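Colleague: Quick one: structure below, then a few questions.
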Amino acid sequence: MKFNLMNSAAAIGLMLGATAGAGSAQAADLTLCWAAWDPANALVEMSKDFEAESGHNMSFEFVPWPNFADRMLNELNSGGKLCDLLIGDSQWIGGAAENGQYVKLNDFFDAEGIKMDDFLPATVTGYAEWPKNSPNYYALPAYADVVGWTYRKDWFSRPEIQAEFKEKHGRDLDAPKSLEELKQVGEFFQGREIDGKKVYGAAIYTERGSEGITMGVTNVLYNYGFQYENPDKPYDIEGFVNSDGAIEGLEFYKALYECCTPPGASDAYMSQNIDAYKSGQVAMQMNFAFIWPGVEVDPNVGGGKSGYFANPAGPAGQFAQLGGQGISVVANSDNKDAALEYIKWFAQPEVQQKWWDVGGASAMRAVVEAPDFAASQPFAQTFLDSMAIVKDFWAEPAYASLLLPMQERVHNYVVAGNGTAKEALDGLVKDWDEVFEDEGKK
Amino acid sequence: MSDSVIDRAARATPEAMAQKVKGLSDRAIAWIFVAPTILILLAINIFPLIWTVYLSFTNFRVNRPNNAVEWVGLRNYERILGDPDIWMTMQATAHFLIWTIVCQVVIGFTLAYLINKKFKGNDLWTTIIVFPMMLSPAVVGNFWTFLYEPQIGLFNYVVGFVTGADPSSFSMIGEVSLAPWSIVIVDTWMWTPFVMLICLAGLRSIPDSIYEAAECDRASKWRQFWTITIPMILPFLMLAVLFRGIENFKMFDLVVQLTGGGPGNTTTLTSIDLKREAFEKWRTGFSSAYAVILFVTVFGLASIYVKALNKVKQR
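In structure tokens, the structure reads:
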């Protein structure tokens, strides 16, 4: 008996030792890179579960949005080893896939039973596929995002404001359903005094340096008939980018900038619009949906004071600019296996549900199509409506070369007031044609 | 009899090495000492320059390591020199360069002239005036975006107070007509003290005896200023112009923080445009040609200027 007891103790000891040894041999230090914003903080908290389950250590490298692309694309292009996992912008997928900077995930998804059908189709196309609409996956949809609108429901519902608006426009003041209505509401609030303070119509994207004004103006251009290319002939852009509808759309965005934005809003992107809205400066703000959980809990504008609506329709339809990102494994990482483990963990339905609950934005259908999802948050239905109408910017490997001229041409017309909308879009066609010729696509 | 260091070093040198060195001339030994420095300079200055010139004739993109690099001859240069947008950035740079130098020299010299007079609190004022140039350009850029804010900015408030205009009726960094001046104002605020210090050094280097002689000749203060102060301080002023000119030709951080190159491309200086071409569009060959053109321009202008400066100094 004593012998058996000693043998058992030795065996248990050996097993424990072996387990501990195996654990320490496999434990990796993983670094996840993303933008510095609220959802990233939520992910840090969630990732503690992964650390506990896997034994791996997680580190995070978060870069502020205006520098995010610069910093991370430099990292990828220089073959750096800083990031094992990267939650990169949707437009980077083409370049990262073609340059071998992201690990192709098809075999891994097949082996682990991860199905892209389980995610919203727009997010799979936008965040994971390259070439688009082909079953080649380089990311798992990680954060579903889209441009939408927030408005001051408490102001809109005031009887005196309601009465004045109805008298002026012959309809009730409510969340705008069309871009024309949006402009009317913006003009109505512009310069109005509310609670002794001068307020303005709307905060829209006008930022020049990174991608701001492009992410804003496309919400109007799409709805006026702008298309990136001839649907029947790829990279044929003449007459699509600068169609009559697109020109009208660009003129509308300039009119919106001039009629309804606060003074000094010539270089505004996400954080400036959040500030303008939360400080009670504007009645409406254009922004990505990621801000909505923060609005809801804000002491000034949260707790039912704000409402949400999808980007309003224009003459050619209703679309909204896709935001959001997929999570990818960096090909240069020394910890690819552990990074894949993280993706496997993140793709679990219960983790995705928790991701939504803590302020993330899941793209998993099991989460967003659940019967109680629409009622789970005041903005949940708007999120669903918006995700159903998304369009995205080019995701070509030369996406930065395509983005920069658009920033310049649009800002030059809308904010600086140089030239006409037609000249701006004709110039853009010239710039983009040059890029496609350089790329050998034309 | 005490050993000198040289004696001890000579005794410590191995015989074989001593034999080798014994045959070397002074010039050869000098080369041995200078060679490491020259090699380092070649590696970190000259080689990248030559490499940049080579890349400027290719279509190389650093983010496409797998693509074949093609020799494109002068195509990059032709595209740059024929691009109206690049000429606009050149114009924006010239506007910035000329006006910042004019403002900084005039104000800097005036401040130096005043500070040079002995008065109570002289040192304190010097320290206060010099303070802006101790700050980081990125911090200054951010700081001034708040000062220029139409609704809460101090700058707009002061202008409104003085002129009676509505402070929120104009945006220094959002309007095409004002934005180029907004960057001139901030750079002048930050770097005038630098010009002032150089001018102050110049003023203090003028011997009092010259002014005393002028006094004996009954020269008026105005005449002393034009015939003694200005000629003697001119080399210092020219040096300040050279430093500020070179610095402002490559101005980047302050303007990026302040306007991001906007509105439109109103304040997109060549350095900002070059950075976008090189590290956002990743057109390495094209941006190398752009860099070569800028280098030749600055180097050429600076060489001519330095010759003029030397002539002034020799007068």
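Residue numbers (this note's numbering), protein chains in the order written: chain A, 7 to 448; chain B, 54 to 368.
Here a beta-carbon is modelled for each residue, glycine too, at the ideal position from N, C-alpha and C.
Bear in mind the structure is a predicted one, so any value in this text is a computation, not a measurement.
Using a cut-off of 7 Å between C-beta atoms, extract the partners of A:P269 located in chain B.
Modeller: The contacting residues are P203, Q204, S221, S224.
Colleague: Would you report the Cα separation of B:K274 and B:L287, rounded to the nearest angstrom?
Modeller: One C-alpha to the other measures close to 18 Å.
Colleague: Applying the criterion that 16 or more other CB atoms from any shown protein chain within 10 Å of the CB defines a buried residue, is B:I103 buried or exposed?
Modeller: With fewer than 16 other Cβ atoms within 10 Å, it is exposed.
Colleague: From A:Q196, A:G300, A:Y314, A:A117, pick the residue whose C-alpha is nearest to that of A:G365; which is it?
Modeller: It is A:G300.
Colleague: Count the other CB atoms within 10 Å of the CB of B:N112; is the residue buried (16 or more) or exposed (fewer)?
Modeller: Looking at its Cβ environment, which holds 16 or more other Cβ atoms inside 10 Å, B:N112 is buried.
Colleague: Shorter than 9 Å from the beta carbon of A:V421 to some beta carbon of chain B?
Modeller: Closer than 9 Å: yes.
Colleague: Considering only residues of the same chain and omitting the five flanking positions on each side of A:E257, which have a CB-CB separation below 6 Å?
Modeller: Taken in chain order, the residues that qualify are A427.
Colleague: Below 8 Å on the Cβ atoms is my guess for B:I299 versus B:V351; work out the distance and round it to an integer in Å.
Modeller: That belief holds up - the Cβ atoms of B:I299 and B:V351 are roughly 7 Å apart, short of 8 Å.
Colleague: Return the residue from the list A:R164, A:G85, A:A103 that minimises the CA-CA distance to A:A145.
Modeller: The option with the nearest alpha carbon to A:A145 is A:A103.
Colleague: Does any residue of chain A have a CB that is nearer than 9 Å to the CB of B:D138?
Modeller: Chain A, which has a Cβ nearer than 9 Å to the Cβ of B:D138, makes this yes.
Colleague: Which word fits A:L227, buried or exposed, when buried means at least 16 other C-beta atoms lie within 10 angstroms of its C-beta?
Modeller: Result: buried.
Colleague: Give the C-beta separation of B:I226 and A:S272 to the nearest angstrom, bearing in mind that I take them to be a contact with Cβ-Cβ under 8 Å.
Modeller: Confirmed, about 7 Å.
Colleague: Taking 9 Å as the CB-CB limit, is A:N306 close to chain B?
Modeller: It does not; no Cβ of chain B falls within 9 Å.
Colleague: Using the Cα positions of A:A150 and A:P355, report the straight-line distance between them to the nearest angstrom.
Modeller: Straight-line Cα distance between these residues: approximately 15 Å.
Colleague: Where do the N-terminal and C-terminal ends of the beta strand (DSSP E) with A:N293 fall, by residue?
Modeller: Element bounds for A:N293: 288-294.
Colleague: Helix or strand or just coil, what does DSSP make of B:M225?
Modeller: In this structure, B:M225 counts as coil in the three-state DSSP scheme.
Colleague: Give me the Cα-Cα distance between A:G255 and A:S249, rounded to the nearest whole angstrom.
Modeller: When rounded, the distance between both Cα atoms is 10 Å.
Colleague: Quick one: is A:L79 near chain B, going by C-beta distance under 9 Å?
Modeller: Interface residue, yes.
Colleague: If you count every other CB in all the chains shown that lies within 10 Å of the CB of B:C269, and 16 or more means buried, which is it?
Modeller: The residue in question, B:C269, is exposed, as its Cβ has fewer than 16 Cβ neighbours within 10 Å.
Colleague: Only counting the same chain, and skipping five residues up and downstream in sequence, which positions put a Cβ closer than 7 Å to that of A:A430?
Modeller: Around A:A430: L256, R415, V416, N418, Y419.
Colleague: For A:W438 and B:V229, I'd like the C-alpha separation in whole angstroms.
Modeller: Looking at the two C-alpha atoms, the distance is approximately 25 Å.
Colleague: Going by alpha carbons, who is nearest to B:V365 out of B:V345, B:Q310, B:F339, B:L292?
Modeller: Taking only the C-alpha atoms, the option nearest B:V365 is B:L292.
Colleague: CA-CA distance, B:P190 and B:T245?
Modeller: So the two alpha carbons sit approximately 14 Å from each other.
Colleague: Tell me whether the beta-carbon of B:I139 lies closer than 9 Å to the beta-carbon of B:T337.
Modeller: No, the Cβ-Cβ distance between B:I139 and B:T337 is not below 9 Å.
Colleague: Mind checking which residues open and close the beta strand (DSSP E) that includes A:F315?
Modeller: Counting along the chain, the beta strand (DSSP E) containing A:F315 begins and ends at 312-316.
Colleague: Starting from the Cα of B:H148, find the closest Cα among B:T321, B:F332, B:A342, B:T282 and give me that residue.
Modeller: Residue B:T321 is the option with its Cα nearest to B:H148.
Colleague: Cβ closer than 8 Å: which chain B residues qualify as neighbours of A:L410?
Modeller: Here the neighbours are R329, E333, K334.
Colleague: When you compare only the Cα positions, how much space is there between A:L434 and B:I236?
Modeller: When rounded, the distance between both Cα atoms is 28 Å.
Colleague: Residues of chain A with a CB under 7 Å from the CB of B:R276: which are they?
Modeller: Going along chain A, no residue has its Cβ under 7 Å from B:R276, so there is no contact; the nearest lies around 50 Å.
Colleague: Just how far apart, CA to CA, sit A:C265 and B:A165?
Modeller: If I take the Cα positions, the gap works out to 48 Å.
Colleague: Can you list, in chain order, the residues of its chain with a C-beta nearer than 8 Å to that of A:L36? Leave out the 5 residues immediately preceding and following it.
Modeller: Within the same chain, A:L36 has close Cβ partners H62, N63, M64, S65, D90, L91, N341, A344, A345, Y348.
Colleague: Please name the residue in A:W136, A:D160, A:E118, A:P70 whose C-alpha comes closest to that of A:G452.
Modeller: Limits of chain A in this structure are 7 at one end and 448 at the other, which puts residue 452 of chain A out of reach.
Colleague: Just how far apart, CA to CA, sit A:T388 and A:W155?
Modeller: Their Cα atoms are separated by approximately 9 Å.
Colleague: Name the residues in the region 315-327 of chain B whose C-beta lies less than 7 Å from a C-beta of chain A; which are they?
Modeller: Against chain A - using a Cβ distance shorter than 7 Å - the residues of the region 315-327 of chain B are G315, P316, G317, N318, T319.
Colleague: Distance check for A:N317 and A:F171, CA to CA, integer angstroms please.
Modeller: Near 21 Å, if we compare the C-alpha coordinates of A:N317 and A:F171.
Colleague: Counting C-beta neighbours from all protein chains within 10 Å, is the total for B:V87 16 or more, i.e. buried, or is it exposed?
Modeller: Under this definition B:V87 is an exposed residue.
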